[in-house]
Amino acid sequence: MQKVSFLCMIGAVPPGDAVASRTVAAQLKFSDAVAPVRVALNILALIFIWRVFDDSAPVGWLLAWSGAMLCVTIATFYMARQRRQANYAMPSEHDVRMLGMAGFLHGMLWASSMLIFPGANSPGELMALWTLLSCIMVCGTITFAAAPVAAMGFLLPVAWATQFMFPTPVYGSLRAMAIGYAAALLIGAFFYCRVFIRQHSTSVQLEEKSEVVSLLLREFEDKGSDWLWQTDAARRISGVSSRFAEMLGLDSAALEGTPLVQVLAGSAWESGRFASGLHELAEKLKLRNAFSNLVLPVEIGGVQRWWELSASPRFDERGIFQGFRGVGSDITIQRESAEKIALLARFDPLTGLPNRAHLHERLDQAMADTDHRGRGCVFLMIDLDRFKAVNDTLGHQIGDKLLGQVARRLRQICSDREFCGRIGGDEFGVVISNAVDKFDVADLAGAIIGALSRPYQIDQHTLYVGACVGSAVSPTDGRTSEALIRSADLALYRAKGEGGGIHCAYEPQLHVEAEERRKLEMALREALEKDQLHVLYQPVVDARQGSVLGFEALVRWTHPEMGPISPAKFVPVAEEARLIAPIGEWVLRTACAEAVRWPEDVRIAVNVSAEQLINPQFPTVVAQILAQSGLNAARLELEVTESVFMNEDAGALRVLDQVLALGVRLSLDDFGTGYSSLGYLSRTKFSTIKIDRSFVVGAANEVPESLAIVRAVVTLADSLGMTTTAEGVETEVELAMVNRLGCTKVQGFYFGRPMLARDAVLLFGPEQYQARA
Numbered sequence: 005m006q007k008v009s010f011l012c013m014i015g016a017v018p019p020g021d022a023v024a025s026r027t028v029a030a031q032l033k034f035s036d037a038v039a040p041v042r043v044a045l046n047i048l049a050l051i052f053i054w055r056v057f058d059d060s061a062p063v064g065w066l067l068a069w070s071g072a073m074l075c076v077t078i079a080t081f082y083m084a085r086q087r088r089q090a091n092y093a094m095p096s097e098h099d100v101r102m103l104g105m106a107g108f109l110h111g112m113l114w115a116s117s118m119l120i121f122p123g124a125n126s127p128g129e130l131m132a133l134w135t136l137l138s139c140i141m142v143c144g145t146i147t148f149a150a151a152p153v154a155a156m157g158f159l160l161p162v163a164w165a166t167q168f169m170f171p172t173p174v175y176g177s178l179r180a181m182a183i184g185y186a187a188a189l190l191i192g193a194f195f196y197c198r199v200f201i202r203q204h205s206t207s208v209q210l211e212e213k214s215e216v217v218s219l220l221l222r223e224f225e226d227k228g229s230d231w232l233w234q235t236d237a238a239r240r241i242s243g244v245s246s247r248f249a250e251m252l253g254l255d256s257a258a259l260e261g262t263p264l265v266q267v268l269a270g271s272a273w274e275s276g277r278f279a280s281g282l283h284e285l286a287e288k289l290k291l292r293n294a295f296s297n298l299v300l301p302v303e304i305g306g307v308q309r310w311w312e313l314s315a316s317p318r319f320d321e322r323g324i325f326q327g328f329r330g331v332g333s334d335i336t337i338q339r340e341s342a343e344k345i346a347l348l349a350r351f352d353p354l355t356g357l358p359n360r361a362h363l364h365e366r367l368d369q370a371m372a373d374t375d376h377r378g379r380g381c382v383f384l385m386i387d388l389d390r391f392k393a394v395n396d397t398l399g400h401q402i403g404d405k406l407l408g409q410v411a412r413r414l415r416q417i418c419s420d421r422e423f424c425g426r427i428g429g430d431e432f433g434v435v436i437s438n439a440v441d442k443f444d445v446a447d448l449a450g451a452i453i454g455a456l457s458r459p460y461q462i463d464q465h466t467l468y469v470g471a472c473v474g475s476a477v478s479p480t481d482g483r484t485s486e487a488l489i490r491s492a493d494l495a496l497y498r499a500k501g502e503g504g505g506i507h508c509a510y511e512p513q514l515h516v517e518a519e520e521r522r523k524l525e526m527a528l529r530e531a532l533e534k535d536q537l538h539v540l541y542q543p544v545v546d547a548r549q550g551s552v553l554g555f556e557a558l559v560r561w562t563h564p565e566m567g568p569i570s571p572a573k574f575v576p577v578a579e580e581a582r583l584i585a586p587i588g589e590w591v592l593r594t595a596c597a598e599a600v601r602w603p604e605d606v607r608i609a610v611n612v613s614a615e616q617l618i619n620p621q622f623p624t625v626v627a628q629i630l631a632q633s634g635l636n637a638a639r640l641e642l643e644v645t646e647s648v649f650m651n652e653d654a655g656a657l658r659v660l661d662q663v664l665a666l667g668v669r670l671s672l673d674d675f676g677t678g679y680s681s682l683g684y685l686s687r688t689k690f691s692t693i694k695i696d697r698s699f700v701v702g703a704a705n706e707v708p709e710s711l712a713i714v715r716a717v718v719t720l721a722d723s724l725g726m727t728t729t730a731e732g733v734e735t736e737v738e739l740a741m742v743n744r745l746g747c748t749k750v751q752g753f754y755f756g757r758p759m760l761a762r763d764a765v766l767l768f769g770p771e772q773y774q775a776r777a
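Per this note's numbering, the very first residue in the sequence shown carries number 5; after that it's consecutive.
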């Protein structure tokens with residue numbers, strides 16, 4: 005049994021091992037656990053001292069002594085608290101010495117009390133002090149009993165000071181009794197400490213041994229194999245265990261004496277074409293080399309399993325080779341799990357195509373081949389058109405099935421030299437490693453677009469989605485895989501911007517345009533914050549009388565350095581950057597605040613983006629703006645485009661119904677230029693249909709198709725109780741034409757360009773505006 009040094013227990017030497025450290029920690033923990041008892045007794049003793057000696061002892065001495073006692077008590081309590089917070093980790097001889105110092109300071113304070121009290125030499129006060137000290141000595145001995153250095157530090161000063169407490173010969177017997185009393189307590193503390201150390205060190209060692217045994221057992225269970233096996237000197241199985249025979253699915257007697265490699269090879273033994281792991285096993289057995297964790301395939305009943313074998317050679321007492329003895333385990337499940345994890349890490353589980361990381365690795369490899377061989381590689385980035393509409397209308401389950409069919413078509417198109425994978429969402433990529441010219445890339449991109457644009461039959465749905473492709477060639481368009489992907493992405497962005505269904509190759513200008521868009525986006529964010537936007541108002545007049553019926557609010561931007569920026573340039577950037585909603589709300593708020601100052605019969609029309617209409621809070625925003633501005637809801641007309649209805653978004657329709665419920669009017673802008681459908685005209689109550697300028701110009705030039713479209717729109721609007729506004733009227737010929745065809749209102753440069761608010765009010769007459777101002 006390992007013993008703990010007594011010198012270690014008194015802090016003379018540091019703990020030499022784990023047993024000593026844990027025993028010292030137990031000493032400290034015991035002393036700290038009973039520290040509150042010591043603190044409480046010291047406080048009671050202070051109260052007792054003040055009650056008994058407040059008249060006989062100087063107040064200054066009482067205060068000084070009491071302050072010192074409180075400081076020592078608080079300091080020892082604070083040190084105990086720190087040790088508890090540290091959970092007694094890594095105790096040192098310093099901790100034991102500090103505990104001994106705490107005992108010594110307590111002992112010195114109580115020893116000094118014998119010099120200070122009783123000042124009047126009263127027998128009653130003397131006995132009272134001795135009674136108190138005897139209780140303090142017992143308490144101190146008990147609380148410091150586990151730490152002999154602390155017990156000595158406390159008792160020795162008190163025992164030494166008793167000679168000053170009983171100075172006269174009359175008290176000689178009492179002095180001897182006090183010294184004997186202290187000595188008895190000290191001896192008792194030493195005996196208790198010895199027993200404490202012995203018992204605790206024994207418990208610690210037993211606990212450590214128990215932990216070691218448990219650890220060994222656990223390690224054996226974790227690393228132990230399922231069975232034992234052995235061979236003789238001729239590498240034939242001998243002493244077959246029942247577990248080994250069970251794993252092979254054979255009888256123990258049939259296995260006895262059979263070559264081990266033959267049994268494990270199964271049907272491949274005759275041909276000799278077995279796995280490299282079996283070849284390695286045969287070589288180890290032949291050379292009589294020990295081996296461990298050798299993984300090899302094993303055929304059992306015609307099914308391949310994976311085993312892990314370990315063994316070492318056996319020799320008799322004369323050194324003669326006796327064969328091998330080892331252990332084995334079946335790791336088929338672990339092997340399959342590892343392969344599945346590796347597969348998931350490199351392949352997309354939805355489509356079965358290589359995932360983004362695997363595609364990136366293949367592109368890196370192709371780029372490296374480019375460096376070594378001087379031949380370029382190509383990266384194609386593919387994006388599906390109208391895929392979001394499928395997800396939104398039919399659900400993600402149909403969308404997932406659609407992606408699966410897209411992946412199958414891509415596999416059929418791509419040859420051995422082309423590596424296709426899924427980047428994420430509805431984006432796919434193709435890596436072409438071999439050197440190709442631009443015509444080959446264009447042909448492949450066209451084949452991909454054609455194949456992916458054919459109809460898909462999923463469940464009971466026939467789906468039509470297109471595709472667009474962006475391509476980049478190394479090293480011209482990028483010398484790293486990241487640069488090449490970025491170039492292909494920019495080319496794809498252009499293909500999508502031009503309507504989809506096409507292939508665009510990367511051009512350096514695309515990077516310039518992307519950088520310009522980025523700077524424009526940053527400037528637009530700053531413009532919204534710094535109030536660089538302003539609103540112009542274009543008149544909408546009665547087609548026959550020419551009187552002003554209202555204005556359309558148009559946002560404009562003048563940058564401090566770039567000057568005026570066209571809406572055709574910054575509005576698409578605002579839509580991509582998700583800034584169109586806050587800009588639209590600002591325009592609506594500004595226009596309503598201005599329109600409230602106009603005559604009551606003049607309306608204000610404000611364009612609303614599709615992003616605003618998919619926000620369920622938009623009707624609340626409109627109501628707040630009307631309430632804050634004081635504008636009558638009937639004077640506000642919100643203009644929406646047909647793109648809102650492209651995806652049959654029920655959310656947008658609900659928002660429009662809620663806006664109509666506020667009393668606001670709706671106008672359908674650019675009718676006939678987009679995905680026109682008469683269905684939504686019956687579901688949503690529009691008050692006005694706006695005819696695009698392209699039809700107005702065509703009709704003025706007597707183009708039959710334009711004339712027919714304008715007549716049809718006017719007839720349709722009249723039958724549905726709606727008015728029509730002809731946009732872009734700039735000449736008398738165009739005005740006469742729209743009047744002849746029956747348009748209700750006109751808007752265009754002929755009656756006024758977009759103007760500032762102060763210029764717009766001049767059209768009403770000063771008296772009308774001033775009356776409202």
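We put the CB at the ideal spot given by N, CA and C, even for glycine.
Here residue 46 is buried. Its C-beta has 16 or more other C-beta atoms within 10 Å.
The criterion of a C-beta distance shorter than 9 Å is satisfied by residue 385 and residue 433. Ranked by how close their Cα comes to the Cα of residue 511, the residues 710, 499, 504 and 522 have 499 in first place.
If you ignore the 5 residues before and after residue 307, its C-beta comes within less than 7 Å of no other C-beta in its own chain. Distance from the CA atom of residue 383 to the CA atom of residue 474, rounded to whole angstroms, is 8 Å. When the Cα atoms are used, residue 366 and residue 422 turn out to be separated by approximately 10 Å.
CA-CA distance, residue 234 to residue 287, rounds to 16 Å.
For the segment 561-617, the full-length beta strand (DSSP E) segments reaching 3 residues or more read 567-569 and 607-611 along the chain. With the rule of 3 Cβ pairs closer than 8 Å, the segment 722-732 does not count as touching the segment 511-531. Classified as buried, residue 507 has 16 or more neighbouring CB atoms from the shown chains inside 10 Å of its CB. Taking the Cα of residue 742 as reference, the smallest distance to any Cα among 694, 760 and 604 is reached at 694.
Bridge partners of residue 471 according to DSSP: 388. When DSSP states are grouped into helix, strand and coil, residue 669 belongs to the strand group.
Between the segment 465-481 and the segment 344-363, the count of C-beta pairs closer than 8 Å stays below three; the two stretches do not touch.
Between the C-alpha atoms of residue 706 and residue 531 there is a straight-line separation of about 44 Å. Counted as a single uninterrupted DSSP element, the stretch harbouring residue 297 is not any alpha helix (DSSP H) but the beta strand (DSSP E) occupying residues 295-304.
Non-local C-beta neighbours of residue 318 in its own chain, meaning closer than 8 Å and more than five positions away in sequence, comprise 234, 325, 326, 327, 328 and 329, ordered along the chain. According to the DSSP secondary-structure assignment, residue 331 is paired through a beta bridge with 232 and 314. Judged by DSSP secondary structure, residue 497 falls outside any beta strand (DSSP E) and instead within the alpha helix (DSSP H) spanning 485-501.
For the pair of segments examined, the segment 473-490 was found not to touch the segment 542-550: the number of CB pairs separated by less than 8 Å stays below three. Note on geometry: alpha-carbon atoms of residue 699 and residue 573 lie some 24 Å from one another. For residue 425, the enclosing beta strand (DSSP E) starts and ends at 422-428.
Residue 675 places its beta carbon less than 9 Å from that of residue 646. With respect to the 9 Å criterion, residue 537 and residue 587 are classified as neighbours on the basis of their beta carbons. Here residue 285 carries a helix assignment [DSSP, helix/strand/coil]. Under DSSP, residue 543 takes part in a beta bridge, and its partners are 555. CA-CA distance, residue 104 to residue 159, rounds to 11 Å. The C-beta distance from residue 403 to residue 395 rounds to 4 Å, short enough to fall under 8 Å. Secondary-structure assignment with DSSP links residue 645 through a beta bridge to 673. Residue 132 sits away from residue 163, with the two beta carbons spaced by 9 Å or more.
Within its own chain, no residue has a Cβ closer than 7 Å to the Cβ of residue 64 once the five positions on either side in sequence are excluded. Shown here for residue 268: same chain residues with a beta carbon closer than 8 Å to its own, the five before and five after excluded, namely 282, 285, 300, 302, 303 and 311 in chain order. Annotated three-state conformation of residue 754 is coil, per DSSP.
In this structure, DSSP gives residue 191 a helical state, which the three-state scheme calls helix. Here the C-alpha atom of residue 451 lies approximately 7 Å from the C-alpha atom of residue 417.
Around the beta carbon of residue 91, fewer than 16 other beta carbons sit within 10 angstroms, so the residue counts as exposed.
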